[in-house]
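Here the structure is laid out as structure tokens; the discussion comes afterwards.
Numbering (the UniProt record's numbering), first residue to last: 1 to 94.
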């Protein structure tokens, strides 16, 4: 995975400090988007339920909110399933 070769730091809204974000061991690719969709309308972030968003400290993805959606892809099969909207990518940060 990327854990040993990449460090990801984010600055949350209303914070002046950078925070290191753990990258799950299973993640092999990181994607950062500020779009509802890409790749001919694919939505890798998905439509998480409000309870999930609140638990993770995320908000609903919106192109005008100034936030990047950062997610991971585990394997080639995972990316393929995300691209055909069978599953969503692994949410890492927002």
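Glycine is no exception: its CB is placed at the ideal position from the N, C-alpha and C atoms. For clarity, every value in this text was computed on a predicted model and none was experimentally measured.
If you check the CB distance, residue 70 and residue 6 do not come in under 9 Å. CA-CA distance, residue 79 to residue 18, rounds to 29 Å. Listed in chain order, the non-local C-beta contacts of residue 11 below 8 Å within the same chain comprise 17, 18, 19, local neighbours out to five positions each way being set aside. Beta-bridge pairing by DSSP links residue 31 to 71. By the criterion of at least three beta-carbon pairs nearer than 8 Å, the region 55-70 is in contact with the region 28-43. For residue 19, the enclosing beta strand (DSSP E) stretches over residues 18-21.
Its Cα nearest to that of residue 42, the residue 85 stands out among 91, 66, 85, 90.
Straight through space, the alpha carbons of residue 14 and residue 74 are spaced by roughly 31 Å.
The beta-carbon separation of residue 56 and residue 25, rounded to 19 Å, does not stay under the 8 Å limit for a contact.
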